[in-house]
Amino acid sequence: RGLRPLSKPLTHDAEENANHSIRYLIRALQHCGEPGRRNDITVKLAAVYERLGDLYTSTGRFTRAHQHYKQGVQLFQSIGDVQAASALAFRLGELFLARARSS
């Protein structure tokens, strides 16, 4: 059960590219046994979740931002990465503040 390439072309759409990145990085994380490499992957994965949530927030797509931040928090809690989970939980708090200000 090795890694098969995903058949997704590159695109200029930031949202779509970020979603592809998340899928690839999660697959890499699932198949990586080397602790140092796993750490590199989780750092990149956290950055993508954060950027995607930020993109949705900046464009007023608060529900989508909430979904991605929350998915990231749950993922990082499940693998024991407290720092990444906390950073995304902080972004969730900022999201609710942004929603309150826009109401």
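For the sequence shown, position 46 (counting from the first letter as 1) is numbered 68 according to our numbering, and the numbering increases by one without interruption. From the three backbone atoms N, C-alpha and C, an ideal C-beta is built for every residue, glycine too.
With a contact defined as Cβ atoms closer than 8 Å, residue 91 and residue 75 qualify at about 4 Å.
Per DSSP, reduced to three states, the secondary structure at residue 100 is helical. The Cβ atoms of residue 56 and residue 109 do not sit closer than 8 Å to each other.
Contact annotation: residue 48 and residue 67 have beta-carbon atoms nearer than 8 Å.
Per the C-alpha coordinates, the member of 94, 99, 104, 36 positioned closest to residue 114 is 94.
Sixteen is the threshold: since fewer than 16 other Cβ atoms of the shown chains lie within 10 Å of the Cβ of residue 81, the residue is exposed. As the crow flies, the alpha-carbon of residue 104 is around 7 Å from that of residue 98. DSSP, reduced to helix, strand and coil, places residue 125 outside both helices and strands of the structure shown, so it counts as coil. For the pair residue 87 and residue 119, the CB atoms are not nearer than the 8 Å cut-off.
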